[in-house]
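Chemist:
2 protein chains.
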Amino acid sequence: MSSASDPTGYPEQPRWDESPSNPQAFKVLDRATATEVFLKLPSPQQYRLLEEMPLGEQRLWMRVLAPDDAADLIQFAPKDERSALMAHLEQSTQREVRALAAYAEDDAGGLMSPRFAALRADMTVDEAIHYLRRKARDGVETIYTAYVLDPDQLLVGVVSFRELFSAQASAPVRDVMRPALTVTEDLDQEHVARIIAEHNLLAVPVVDSEGRMKGIVTVDDVVDVVQEEATEDIQKLGGMEALDDSYMNTDLMSLLRKRVGWLAVLFIGQMLTASAMDVFQAEISKAVVLVLFVPLIISSGGNCGSQASSLIIRAIALGEVHFTDFWRIIRRELVSGLALGVVLALLGVVRIYLWQWLFDSYDHVGMLAFAIAAALVQVVTVGTLLGATLPLVLKRLGLDPATASTPMVATIVDVTGLVIYFTTASMILRGTLL
Amino acid sequence: MSSASDPTGYPEQPRWDESPSNPQAFKVLDRATATEVFLKLPSPQQYRLLEEMPLGEQRLWMRVLAPDDAADLIQFAPKDERSALMAHLEQSTQREVRALAAYAEDDAGGLMSPRFAALRADMTVDEAIHYLRRKARDGVETIYTAYVLDPDQLLVGVVSFRELFSAQASAPVRDVMRPALTVTEDLDQEHVARIIAEHNLLAVPVVDSEGRMKGIVTVDDVVDVVQEEATEDIQKLGGMEALDDSYMNTDLMSLLRKRVGWLAVLFIGQMLTASAMDVFQAEISKAVVLVLFVPLIISSGGNCGSQASSLIIRAIALGEVHFTDFWRIIRRELVSGLALGVVLALLGVVRIYLWQWLFDSYDHVGMLAFAIAAALVQVVTVGTLLGATLPLVLKRLGLDPATASTPMVATIVDVTGLVIYFTTASMILRGTLL
């Protein structure tokens with residue numbers, strides 16, 4: 001996370017997907033561009049580049065990194081190499097990095113930079129501006145937001161450079177500063193991102209349990225966090241574990257490892273469908289026609305479930321819905337499910353009568369159509385409710401709602417759908433088809 | 435988009451999901467909080483609040499909005515009310531809004547603010563700083579990034595306040611400024627967001643085809659854009675149209691409208707499964723056992739397809755993969771598909787022999803297991819390839835890759851999977867079960 005205060009970019013600069021993890025391609029870049037690219041790479045790729053370099057080069061590149069990025073890179077490196085990488089850094093930086101390395105990478109503490117501009121409440125605005133002018137030359141993350149600390153490092157207020165700049169030069173900072181919105185060290189990054197986004201902050205201060213200021217998280221990091229979290233959710237929704245790196249930079253083996261786990265679980269779950277149908281062998285052999293509609297009916301339930309779960313999972317991630325909304329959501333999704341079920345049931349009936357009219361396909365067409373329609377309404381409603389409830393329940397249990405992936409919902413709905421379909425059919429068709 | 439330069443927030447402030455669209459709850463907020471909340475609401479909710487207000491109040495709130503937000507709100511309002519809303523604004527703002535209203539809401543032009551700080555190349559750093567100090571008091575979006583324009587409004591360079599602040603007071607701005615990374619008015623917001631994020635910019639200048647500067651897009655808007663785009667993709671991936679507003683703020687009717695369309699399409703597509711199985715009625719009635727594995731086999735293909743499509747759709751959205759990677763991706767997914775297919779096939783064989791051993795369920799168990807395994811490998815491979823190819827092809831055709839939703843991929847795989855399964859089975863089992 002390089003400073004948010006650099007307003008220019010390099011048009012000729014490679015895009016991430018081109019910015020190479022292979023040192024050959026990296027070497028050809030001129031120094032300035034190489035640095036720009038290196039600073040932008042995710043930690044895994046930065047580490048992969050360092051691996052390939054002679055020690056001298058390594059030291060050089062480690063020192064380019066901001067302490068928080070250095071901490072991330074070191075946390076990514078294998079345990080036995082960490083101290084070596086750490087040794088490349090200056091003493092002062094080493095201390096900062098050790099402090100940061102104590103935090104989980106996806107907490108506010110892991111995301112923050114310890115280099116912020118601190119003011120005292122009794123400084124005059126003029127003094128503050130001159131102090132920040134000096135700071136502008138050395139490595140604070142930003143001078144555009146300054147934090148007012150008391151002698152015990154307690155955060156008493158915050159002031160934007162713009163506010164100082166348009167205030168009375170002789171006024172004390174105390175009169176210009178405003179109460180700060182803070183986050184705690186252990187707040188998860190998704191939540192930090194939401195706070196910065198909602199309040200349109202350039203940076204948010206991170207404080208410990210005593211209110212002592214530890215660092216700042218800047219908005220430019222938040223954009224990455226938001227992308228990252230969305231990517232994780234989308235991959236989980238697809239029925240797999242989230243990747244640690246971009247798709248193209250993930251080698252085939254790790255890619256397979258991330259995918260095969262859930263597939264196996266879902267496959268074993270799906271085996272219940274075979275057992276479920278086993279139970280209805282008698283009905284099936286008597287009326288093979290029932291089987292023709294199995295995929296149509298269970299997949300309809302799955303599709304509605306996947307709509308509901310995607311909606312709710314995203315709404316939870318954005319903090320739009322909470323467990324307290326549970327019953328309101330159930331009501332909405334129950335009505336939706338019934339409505340959608342009726343629509344699909346009608347389409348199903350049309351399909352059956354159309355085929356009957358065209359090919360005279362079915363005996364007892366009326367009863368059959370009725371059975372299919374009745375099953376569809378139930379399966380779709382159940383599917384929708386399952387899709388909406390599962391993420392909320394997972395969240396409630398402290399698990400990741402995105403685990404209620406589309407394939408997982410579909411699998412659960414397939415099994416329940418089969419049972420609903422065949423029980424409904426055998427009740428309605430007993431005496432006619434069965 | 436309220437200014438990115440406000441570093442403080444209001445801890446007591448309601449979260450979006452609480453910040454009420456119903457004026458009753460809104461009225462109880464004190465002025466300062468109410469303004470904060472209002473500025474943060476998405477345009478649809480801002481409009482809904484205004485609707486309820488007396489004209490006097492309306493004027494007041496319209497004037498709180500930045501020109502770009504006013505433009506968004508007016509674009510959302512019904513045609514016949516727009517001029518009335520416009521009339522609430524000051525003349526100068528009206529001109530700005532009219533200019534902005536010409537852009538699509540999700541282009542750079544629709545996202546930008548026309549209020550930026552402009553400098554001349556021959557000013558001294560000291561003059562520039564004093565000029566920005568004056569600007570800090572009135573409504574420019576940010577003073578932290580200033581744009582150097584020539585007399586024809588052509589953008590010649592950019593300089594951060596921090597750079598000015600740490601430069602020689604007597605030096606001309608020309609010597610401090612750097613080449614600017616720009617975006618064109620019609621660049622879509624997703625792309626703008628990616629540029630700002632990758633280059634860690636506070637703001638990016640928007641220029642017209644002649645290179646004349648039109649406005650700036652600031653990083654705080656980008657966070658919203660990134661969230662918005664991810665939400666749209668997740669909802670589309672779930673097999674529905676993206677909502678215009680949050681889940682909770684979308685009334686049931688619009689919610690149903692967004693969902694029923696794709697459901698109907700998918701349902702009609704799924705009807706092909708019934709027809710497909712119709713073709714194999716003979717085999718089915720001879721060996722009902724084959725039917726028991728239908729959901730298991732086709733859903734396995736669907737699950738692998740959904741993994742692949744989620745991976746590729748997200749990678750495309752992040753700009754990590756391009757159509758030029760087509761063959762590399764196909765190779766990767768072909769290998770993945772085969773590998774995953776083999777794993778699932780083995781699980782399937784184990785299941786069959788286990789049941790055989792426990793309940794002596796099947797005749798010709800060996801041939802049956804072989805048929806199921808062979809079908810699984812093919813269906814899973816085809817599913818994976820379809821899931822990976824479809825988004826790339828859609829992108830290539832200029833369509834939204836996210837249209838290759840999980841349910842859509844599953845539906846296509848269900849149909850092809852059935853055909854593969856029954857053809858494979860009838861070839862392998864002819865003479866034994868069939």
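Note that the protein sequences, when read in sequence, are chains A and B. Here the first sequence is numbered in the working numbering, starting from 1 and rising by one per residue. Here the second sequence is numbered in the working numbering, starting from 435 and rising by one per residue. Virtual Cβ for every residue (Gly too), placed ideally from N, Cα, C.
(1) Check the C-beta distance from F323 of chain A over to F422 of chain A and give it rounded, since I have them as a contact under 8 Å.
(2) What is the residue span of the alpha helix (DSSP H) that T384 of chain A lies within?
(3) Just checking: is the beta-carbon of M277 of chain A within a distance shorter than 7 Å of some beta-carbon in chain B?
(4) Which residue's Cα is closest to the Cα of R137 of chain A: B:I746, B:G591, B:R596, B:R766?
(5) Give me the subset of the region 91 to 115 of chain A whose CB atoms are less than 8 Å from a CB atom of chain D, sorted by chain position.
(6) Roughly how many angstroms lie between the CA atoms of L583 of chain B and L826 of chain B, to the nearest whole one?
(7) Is the region 622 to 634 of chain B in contact with the region 159 to 174 of chain A, if contact means three or more CB pairs nearer than 8 Å?
(8) Take every Cβ of the region 604 to 614 of chain B, pair it with every Cβ of the region 523 to 533 of chain B, and state whether three or more of those distances are shorter than 8 Å.
(9) Can you give me the start and stop residues for the alpha helix (DSSP H) that I316 of chain A sits inside?
(10) Just mark M253 of chain A as buried or exposed, buried being the case when its beta carbon has 16 or more other beta carbons within 10 Å.
(11) As a quick exercise: from B:Q480, B:N737, B:W495, pick the residue whose alpha carbon is nearest that of G238 of chain A.
(12) Spell out whether any CB of chain A is found under 7 Å from the CB atom of R691 of chain B.
(13) Taking only beta-carbon atoms, is F460 of chain B less than 7 Å away from chain A?
(14) Going by C-alpha to C-alpha distance, which of B:M842, B:E539, B:V816 sits closest to E662 of chain B?
(15) Thinking C-beta only, is D68 of chain A closer than 7 Å to L100 of chain A?
(16) In or out: K524 of chain B buried (at least 16 other Cβ within 10 Å) or exposed?
(17) With a Cβ-Cβ cutoff of 7 Å, do G851 of chain B and V813 of chain B count as a contact?
(18) Is it true that the CB of A805 of chain B sits closer than 7 Å to the CB of I862 of chain B?
(19) In angstroms, rounded to a whole number, what distance separates the CA positions of F460 of chain B and L111 of chain A?
(20) I need the DSSP call for T616 of chain B, collapsed to helix, strand or coil.
(21) Report the option in B:D506, B:A468, B:P478 whose CA atom is closest to the CA atom of L494 of chain B.
(22) Excluding sequence positions up to five away, which residues of its chain have a Cβ less than 8 Å from the Cβ of L872 of chain B?
(23) Can you have a look at G735 of chain B and say buried or exposed, based on whether 16 or more other CB atoms are within 10 angstroms of its CB?
(24) As an exercise, report each continuous alpha helix (DSSP H) stretch of at least 4 residues that is fully enclosed by the region 580 to 658 of chain B, in chain order.
(25) Note down, in chain order, each residue of its chain lying with its Cβ closer than 8 Å to the Cβ of Q58 of chain A, except the 5 sequence neighbours on either side.
(26) Find the nearest neighbour of A807 of chain B within the set B:G832, B:I732, B:V592, judged by alpha-carbon distance.
(27) Start and end of the alpha helix (DSSP H) containing A440 of chain A?
(28) List, in order along the chain, the chain A residues whose C-beta lies closer than 7 Å to that of Q715 of chain B?
(29) How about T837 of chain B and G771 of chain B: do their beta carbons lie closer than 7 Å?
(30) For my contact list, A844 of chain B and S740 of chain B are in at a C-beta cut-off of 8 Å; report their separation, rounded to the angstrom.
(31) Considering Cα atoms alone, identify which of A:A315, A:A317, A:L354, A:Q46 is closest to A71 of chain A.
(32) With a 10 Å radius around its C-beta and 16 neighbouring C-beta atoms as the bar for buried, classify N130 of chain A as buried or exposed.
(33) Give a yes or no on whether the C-beta atoms belonging to L344 of chain A and L386 of chain A are separated by under 7 Å.
(34) Using the Cα positions of W791 of chain B and V419 of chain A, report the straight-line distance between them to the nearest angstrom.
(35) For a test of the three-state rule: what should DSSP assign to S113 of chain A, helix, strand or coil?
(36) Is the separation between the beta-carbon of T231 of chain A and that of R748 of chain B shorter than 7 Å?
Modeler: With the given structure in hand:
(1) About 35 Å separates the two Cβ atoms, so there is no contact after all.
(2) 365 to 396
(3) yes
(4) B:R596
(5) The structure shown contains no chain D; the protein chains it does contain are A and B.
(6) 41 Å
(7) no
(8) no
(9) 294 to 317
(10) exposed
(11) B:N737
(12) no
(13) no
(14) B:E539
(15) yes
(16) Going by the sequence as given, residue 524 of chain B is Glu instead of Lys. By the 10 Å Cβ count, E524 of chain B comes out exposed.
(17) yes
(18) yes
(19) 35 Å
(20) coil
(21) B:A468
(22) No answer is possible for residue 872 of chain B: it lies beyond the span of chain B, which begins at 435 and ends at 868.
(23) buried
(24) 595 to 599, 607 to 610, 623 to 632
(25) L50, L85, H88
(26) B:I732
(27) Since the displayed chain A opens at 1 and closes at 434, residue 440 of chain A lies outside it and no answer follows.
(28) V288
(29) no
(30) 6 Å
(31) A:Q46
(32) The displayed chain sequence assigns His, not Asn, to residue 130 of chain A. With fewer than 16 Cβ atoms within 10 Å of its Cβ, H130 of chain A is classed as exposed.
(33) no
(34) 25 Å
(35) strand
(36) yes
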